[in-house]
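J.:
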Amino acid sequence: MFSIAVVDDHPLLVEGIAALMVRKGGFSIAETGSCAADIEAIALRLQPDAMIVDLNMPGEVFGAIKRVVDAAPGVKIIVFTASTSADDAVRALDSGASAYVLKGSPAQEVIEAIASATRGEIYITPSFSTRVIGALQNRTRERREESARLTVREDQIVRLLLCGKQNREIAIALSLSEKTVKGYMSNLMQKLNARNRLEVVIAAQRLSLAPGTQTPAPQPAPVRDLVAS
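Counting from 19, one number per residue, gives the positions in the sequence shown under this note's numbering.
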């Protein structure tokens, strides 16, 4: 029989959830708990098929979720919480939770979330999902921009590229070896997903990645100079 555990620091709520899951879902209750430490202890000792856990209870719940998912990936974590913070939802999903269900949802929704989790899918309360997806997209965009942010040295090279400087001239201007400049160019093309020098400059300007230096803004070079290797 499919087994679940319920962890929440409100005993009456735990009893109610457990009773509903048995009656409406046909699940067996492996054990119940009341804090973050119980999430780990129950998961590692009993390895139930799924765990319904609250976020707002003693201990570091997000960390407990992550450790359980890492150590016992077969245990599906269903977050059942009153928190309508999209950031909390993103953090829970990042930690490895398979579902984020808002308290006040009908029991059938929790059962659907468990079913989705066992299929390897992510479930979010429908009325809340748009906000969570938006937060996930924003987070992804911020991480992408952060990973593409230029160092001061890379910024200097982009500025010199914009002036139409070639690798040898850039090396002289920055007191670097030409080999080092070529290395920076390879890194820039990979970081900005660019195929040539022109695309490096265009991508850096489009994403506003340059951090800014004391160097005066250069005058753009002809396109033919930027394309030249």
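Quick reminder that beta carbons are idealized off the backbone N, C-alpha and C, glycines included.
Any chance you could list the beta strand (DSSP E) runs of at least 3 consecutive residues sitting entirely within the segment 51–115, in chain order?
T.: Qualifying beta strand (DSSP E) stretches, in chain order: 68–71 and 94–99.
J.: Indicate whether the contact test is met: 3 or more Cβ pairs, each with one atom in the segment 73–93 and one in the segment 146–157, closer than 8 Å.
T.: Contact fails: fewer than three Cβ-Cβ distances are below 8 Å.
J.: Does the beta-carbon distance from Ala212 to Leu168 come in below 8 Å?
T.: Not in contact: Ala212 and Leu168 (Cβ atoms no closer than 8 Å).
J.: Do Glu58 and Val86 come within 8 Å of each other at the CB atom, strictly closer than that value?
T.: Closer than 8 Å, so yes.
J.: Would Val24 be called buried (16 or more neighbouring beta carbons within 10 Å of its own) or exposed?
T.: Classification of Val24: buried, given that the 10 Å Cβ count is 16 or more.
J.: Using the three-state DSSP reduction, which class does Ile3 fall into: helix, strand or coil?
T.: This structure leaves residue 3 out entirely; the chain is present only between 19 and 247.
J.: Leaving aside the five residues before and after Ser123 along the sequence, list all residues of the same chain whose C-beta is less than 7 Å from its C-beta, in chain order.
T.: Once the five neighbours on either side are set aside, the close Cβ partners of Ser123 are Thr143.
J.: Mind reading off the beta-carbon distance from Ala107 to Tyr118? Whole number of angstroms is fine, and I expect it under 8 Å.
T.: At roughly 5 Å, the Cβ-Cβ gap stays under 8 Å, so Ala107 and Tyr118 are in contact.
J.: By the 10 Å Cβ neighbour count, where 16 or more other Cβ atoms means buried, how is Pro66 classified, buried or exposed?
T.: Answer is buried; the Cβ neighbour count reaches 16.
J.: When every heavy atom of the ligand PLP is checked, does at least one fall within less than 7 Å of the C-beta of Phe98?
T.: For the ligand PLP, the structure offers nothing, since it holds no ligand at all.
J.: Assuming Ala55 and Ile47 make a contact with CB atoms under 8 Å, what is their CB distance in whole Å?
T.: That belief does not hold up - the Cβ atoms of Ala55 and Ile47 are roughly 19 Å apart, past 8 Å.
J.: Could you give the distance in angstroms between the alpha-carbon of Gln126 and the alpha-carbon of Ala68?
T.: If I take the Cα positions, the gap works out to 15 Å.
J.: Check the C-beta distance from Arg215 over to Leu179 and give it rounded, since I have them as a contact under 8 Å.
T.: Yes, they are in contact, since the Cβ atoms of Arg215 and Leu179 sit about 6 Å apart, within 8 Å.
J.: Check the DSSP bridge columns for Val119 and list the partner residues they point to.
T.: The partner list for Val119 (beta bridge, DSSP) reads Phe98.
J.: On the three-state DSSP scale, how would you describe Ile140?
T.: DSSP places Ile140 in coil when its eight states are reduced to three.
J.: With distances taken from CA atoms, which of Glu172, Gly77 and Val97 is nearest Tyr141?
T.: Nearest option by C-alpha distance: Val97.
J.: Can you tell me which of the three DSSP states Ala212 falls into?
T.: Looking at Ala212 - three-state DSSP - the assignment turns out to be coil, as it is neither helix nor strand.
J.: Let me check understanding here. Comparing Cα to Cα, which of Ser193, Val93 and Ile188 lies closest to Ala133?
T.: The candidate whose alpha carbon is nearest that of Ala133 is Val93.
J.: Taking the Cβ atom as the reference point for each residue, do Ile70 and Ile129 lie within a distance shorter than 8 Å?
T.: It is not a contact, given that the beta carbons lie outside the stated cut-off.
J.: Would you tell me roughly how many angstroms separate the C-alpha atoms of Ser103 and Ala153, rounded to the nearest one?
T.: So the alpha carbons of these two residues sit roughly 10 Å apart.
J.: Out of curiosity, what's the CA-to-CA distance linking Ser195 and Ala100?
T.: Distance between the alpha carbons of Ser195 and Ala100: 59 Å.
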